[in-house]
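To start, the structure itself, in structure tokens.
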Ligand code: GLN
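Pasting the structure below:
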């Protein structure tokens, strides 16, 4: 395997035993970027020189005999909705095409403190609204397993970069599935932590009660290392929990003997590709062979998750996106009759179709006369959905399901039909509505395309999920496969 295809923990061992230098790792990743980025188009911007400088600084630390942190010298890519001081943060939107933040998101600072090497900013659906990364205002990212398929979204660039060896790990954000779904489509591990585990300070807000930042990695160990680096209380985000969080490395234990796992029937209903179902059934057998007790359960309000999400998320988005008016930063039209005309033209030209759709939906749902009928009702159903999970967790340690109803689809297949696109997230949305942790791990393949297994846990049970995910991973070999980077480039 090439250097750029290794895991962070393996590279860490090679760095500390002085078998490899951080500069070499960085050069290997940028070499891969040079070779494949034309096809994959995962990045919106790259910071090669800064990355190399950071890598050399890590090498000097090692030379001086200093201890280095687990992510020191590890090339990490960032989704382009994470604010990076002095480095463009566009959210893949024309309205922020030139926005250079004056500060770093907390997660970015935390990674820097760990001496991780930031490689660049990755492509995404505009403002994280979408499931295929086709809503980027700038470019289409291709799935490394088949270049004519989407990488998923909205964090498609981050998932594709990790799968293709263009970064060792990456960060994304997940509001309704945007880490887990692209992780599943690209055959990598992707975790959405419990709401409040990771600071959202400096994450450009989509739907603030649902958004959570999380890692992409090639295996569960790297996922735990990344989570260690980014989690924890932050006084700049009042929704981050003030309690002490565990060292997630302690969860990397190969033992799920006696674990009780629930399989929600609603996640195996109509719409699920039969071949995906079979892969998940095989995964269940593996978990049973490792001593887990798997049983069917039910989450009766699942059928309302999609409509609830598509009231709450757009409602919050319509409010969050009101700030893009062309006044202080970002895109502004040149010609306008007066200030109101300037706002209106700037927003009409600066936002793409999906973003406008959400702003209109959200504004409608929050408007006088409709607020009670839509928004308030959605909040009530959200509580019912959360209670479904609470009831299930009285009996089970965690739940499992397919991450997505199908494997990655082709470009253009769903982009003109919003509802079909929204359905790509039917298995991930409820987890955000309930604020729970969820992780997608490689579970197998259908026609050469990766399938993700989703593990859903109680609030703050990331350690349980990682332990189960680790046990599954160690019993299988899916995470060891690397994509061929073939197919017809669109
Ligand atoms: N695909 C979902 C949406 O379009 C989820 C996106 C996300 O998690 N950011 O809203």
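Residue numbers (this note's numbering): 30 to 519. Glycine included, every Cβ here is placed at the ideal spot set by N, Cα and C.
Which residues does DSSP pair with residue i in a beta bridge?
{"i": "residue 201", "result": "243"}
{"i": "residue 221", "result": "467"}
{"i": "residue 475", "result": "478"}
{"i": "residue 377", "result": "Note: residue 377 sits in no beta bridge, so no partner."}
{"i": "residue 27", "result": "Nothing about residue 27 can be reported from this structure: the residues present for the chain run from 30 to 519 only."}
Quick one: what does DSSP say residue i is sitting in, helix, strand or coil?
{"i": "residue 356", "result": "coil"}
{"i": "residue 277", "result": "helix"}
{"i": "residue 429", "result": "strand"}
{"i": "residue 146", "result": "strand"}
{"i": "residue 483", "result": "strand"}
{"i": "residue 32", "result": "helix"}
{"i": "residue 444", "result": "coil"}
{"i": "residue 75", "result": "strand"}
{"i": "residue 322", "result": "strand"}
{"i": "residue 285", "result": "coil"}
{"i": "residue 151", "result": "strand"}
{"i": "residue 387", "result": "helix"}
{"i": "residue 328", "result": "coil"}
{"i": "residue 510", "result": "coil"}
{"i": "residue 169", "result": "coil"}
{"i": "residue 227", "result": "strand"}
{"i": "residue 113", "result": "strand"}
{"i": "residue 69", "result": "helix"}
{"i": "residue 301", "result": "coil"}
{"i": "residue 233", "result": "coil"}
{"i": "residue 106", "result": "strand"}
{"i": "residue 343", "result": "helix"}
{"i": "residue 50", "result": "coil"}
{"i": "residue 22", "result": "Nothing can be reported for residue 22: it is not among the residues displayed for the chain, which extend from 30 to 519."}
{"i": "residue 439", "result": "strand"}
{"i": "residue 260", "result": "strand"}
{"i": "residue 100", "result": "coil"}
{"i": "residue 489", "result": "coil"}
{"i": "residue 422", "result": "helix"}
{"i": "residue 63", "result": "helix"}
{"i": "residue 460", "result": "helix"}
{"i": "residue 158", "result": "coil"}
{"i": "residue 412", "result": "helix"}
{"i": "residue 403", "result": "helix"}
Buried or exposed: which applies to residue i, given that a residue is buried once 16 or more other Cβ atoms fall within 10 Å of its Cβ?
{"i": "residue 241", "result": "buried"}
{"i": "residue 14", "result": "Any question about residue 14 goes unanswered here, given that the chain covers just 30 to 519."}
{"i": "residue 145", "result": "buried"}
{"i": "residue 448", "result": "exposed"}
{"i": "residue 189", "result": "buried"}
{"i": "residue 431", "result": "buried"}
{"i": "residue 424", "result": "exposed"}
{"i": "residue 458", "result": "buried"}
{"i": "residue 229", "result": "buried"}
{"i": "residue 571", "result": "A query on residue 571 cannot be resolved here, the shown segment of the chain reaching from 30 to 519 and no further."}
{"i": "residue 378", "result": "exposed"}
{"i": "residue 417", "result": "buried"}
{"i": "residue 345", "result": "buried"}
{"i": "residue 154", "result": "buried"}
{"i": "residue 387", "result": "buried"}
{"i": "residue 368", "result": "exposed"}
{"i": "residue 497", "result": "buried"}
Rounded to the nearest angstrom, how far is the Cβ of residue i from that of residue j, given a contact under 8 Å?
{"i": "residue 199", "j": "residue 106", "result": "4 Å"}
{"i": "residue 442", "j": "residue 159", "result": "About 13 Å; that fails the 8 Å criterion."}
{"i": "residue 151", "j": "residue 108", "result": "5 Å"}
{"i": "residue 87", "j": "residue 57", "result": "Residue 87 to residue 57, Cβ: 14 Å. No contact."}
{"i": "residue 248", "j": "residue 508", "result": "5 Å"}
{"i": "residue 491", "j": "residue 222", "result": "6 Å"}
{"i": "residue 258", "j": "residue 143", "result": "5 Å"}
{"i": "residue 337", "j": "residue 411", "result": "6 Å"}
{"i": "residue 482", "j": "residue 173", "result": "Going by Cβ atoms, the distance from residue 482 to residue 173 rounds to 20 Å, so no, they are not a contact pair."}
{"i": "residue 179", "j": "residue 185", "result": "7 Å"}
{"i": "residue 381", "j": "residue 164", "result": "6 Å"}
Please check if any C-beta of chain B sits within less than 8 Å of the C-beta of residue i.
{"i": "residue 392", "result": "Annotation note: the requested chain B is absent from the structure, which comprises a single protein chain."}
- Item | Complete alpha helix (DSSP H) runs within the region 171 to 219 (minimum length 4 residues, chain order) | 185 to 193, 209 to 215
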